[in-house]
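Only one structure is covered here, and it is reproduced in the block below.
Residue numbers (the working numbering): 11 to 372.
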């Protein structure tokens, strides 16, 4: 175990990773390579950034949120991503390296949580979740499970199969059934496919018990924060209309537009089956397979270089579930010990017996 002050190391490592996440958040939706160019650059003047511009947290603060070369504003998001990721890594460091002693879990949870931070910011802005990020989360889970087998940890298996595989199947099953059930019951799309693939990765990292808890947290967070998001958005629209800001208040006339055709049930079933056997992950290495099975190019940019999506309008009541799914999983990585204790206590009370949920599942 490490002394408590070493959480500062976790904070700094997380902030460094957060700096890289900002590259991911900017480049991936625009179809830009993470490796070309190999250096960071200012989105406005395209000048190559050097050490004074890239010190996590401090550069943004010292430069007062502006580019050192052209003076253009640097979005708050760059500082917030570094700060949030640093705080998450500090929390994981405390839980698993100060209070506990589990390097494997600390590394796996830290990497997965960092990827989920990228998901939150990309999905909130563009309503998409890159397949590459979802695949990375899943691979982290499988690698962690392999490590548990190597050290002969009983948590490596659930009902005789690898716990990461069990969690991944559970994630696809739950979100896939919600998507299919919503389509049948309400006649419209209920869930984005990126959410299903992300649930697979979350299950692979957290394993079945904690995955279920994280999904419950996501639903609770989505219900509260999602409604608040819609209320705030509508209030801002009313304020804009009252002030005469036509650019914000006026919308194009869509009275003659037909609602978008929902995805067919057959397509949902086919895609969910593809996610179960990881065809989407294989398709990242063989794009023709991805296009043939899922009918789209996984590497096609969803926005232009200015971050604008053509022919895409966000409805006022549209709430992306991905950020809440990711947030629930992040909370589960940082507070796993406390959540397990609370859930086991509830299970013993509800079941009137001493067995924990984890014991029953095993």
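Even for Gly, the Cβ is constructed at its ideal location relative to N, Cα and C.
Using a 10 angstroms sphere on the CB of residue 238, the tally of other CB atoms stays under 16, which defines it as exposed. A distance of 8 Å or more separates the beta carbons of residue 107 and residue 118.
In the displayed model, residue 74 falls within coil according to three-state DSSP, outside both helix and strand. The beta carbon of residue 229 sits closer than 6 Å to no other beta carbon from its chain once the five residues preceding and following it are set aside. In this structure residue 95 is not in contact with residue 151, their Cβ atoms being roughly 19 Å apart against a cut-off of 8 Å. In the DSSP assignment, residue 58 forms a beta bridge with 51. Note on residue 187: under 16 other CB atoms within 10 angstroms of its CB, so exposed under the neighbour-count rule. Within the same chain, and ignoring the five residues on either side of residue 280 in sequence, the residues whose Cβ sits closer than 8 Å to its Cβ are 303.
Distance from the CA of residue 178 to the CA of residue 289, rounded to the nearest whole angstrom, comes to 14 Å. About 11 Å separates the Cβ atoms of residue 141 and residue 297, ruling out a contact at the 8 Å cut-off. Residue burial annotation: residue 17 is buried, with at least 16 other C-beta atoms found within 10 angstroms of its C-beta. By the criterion of a C-beta distance shorter than 7 Å, residue 157 is surrounded in its chain by 114, once the five residues flanking it on both sides are discounted.
Straight-line spacing of the CA atoms in residue 145 and residue 352 works out to 31 Å.
Taking the C-beta atoms as reference points, residue 332 is found no nearer than 8 Å to residue 199.
The region 68 to 82 and the region 155 to 173 do not touch, with fewer than three beta-carbon pairs separated by less than 8 Å. For residue 187, the uninterrupted alpha helix (DSSP H) segment begins and ends at 173 to 196.
By the neighbour-count criterion, in which 16 or more other beta carbons inside 10 Å mark a residue as buried, residue 44 falls on the exposed side.
Following the DSSP letters along the chain, one finds residue 126 inside the alpha helix (DSSP H) bounded by residues 113 to 136. The C-alpha of residue 215 lies about 11 Å from the C-alpha of residue 224. Around the beta carbon of residue 203, a 10 Å sphere encloses 16 or more other beta carbons of the protein chains shown; the residue is thus reported as buried.
Per DSSP, reduced to three states, the secondary structure at residue 43 is coil, with no helix or strand assignment. Just measuring C-alpha positions, the residue of 358, 357 and 346 sitting nearest residue 110 is 346. Relative to the Cα of residue 83, the nearest Cα in the group 53, 65 and 227 belongs to 53. The three-state reading of DSSP puts residue 69 in helix, counting H, G and I together. Residues of the same chain with a CB within less than 7 Å of the CB of residue 33, apart from the 5 flanking positions on each side, are 44 and 50 in chain order. With a cutoff of 8 Å on beta-carbon distance, residue 190 and residue 99 are scored as not near each other. Across the structure, residue 212 and residue 252 are spaced so that their CA atoms are roughly 44 Å apart.
Assignment of residue 167 by DSSP, reduced to helix, strand and coil, places it in the strand class. Sixteen is the threshold: since fewer than 16 other Cβ atoms of the shown chains lie within 10 Å of the Cβ of residue 159, the residue is exposed. In the DSSP assignment, residue 83 is bridged to 76. In the three-state reduction of the DSSP assignment, residue 308 falls in the coil class, being assigned neither a helical nor a strand state. For residue 333, the three-state secondary structure derived from DSSP is helix. Per DSSP, residue 14 lies in no alpha helix (DSSP H) segment and is marked neither H nor E. Annotation for residue 288: no alpha helix (DSSP H) segment contains it, and DSSP assigns it neither H nor E. Put simply, of 348, 291, 26 and 234 the residue whose alpha carbon is nearest the alpha carbon of residue 148 is 291. Cα atoms of residue 242 and residue 163: separation of roughly 47 Å, rounded to the nearest angstrom.
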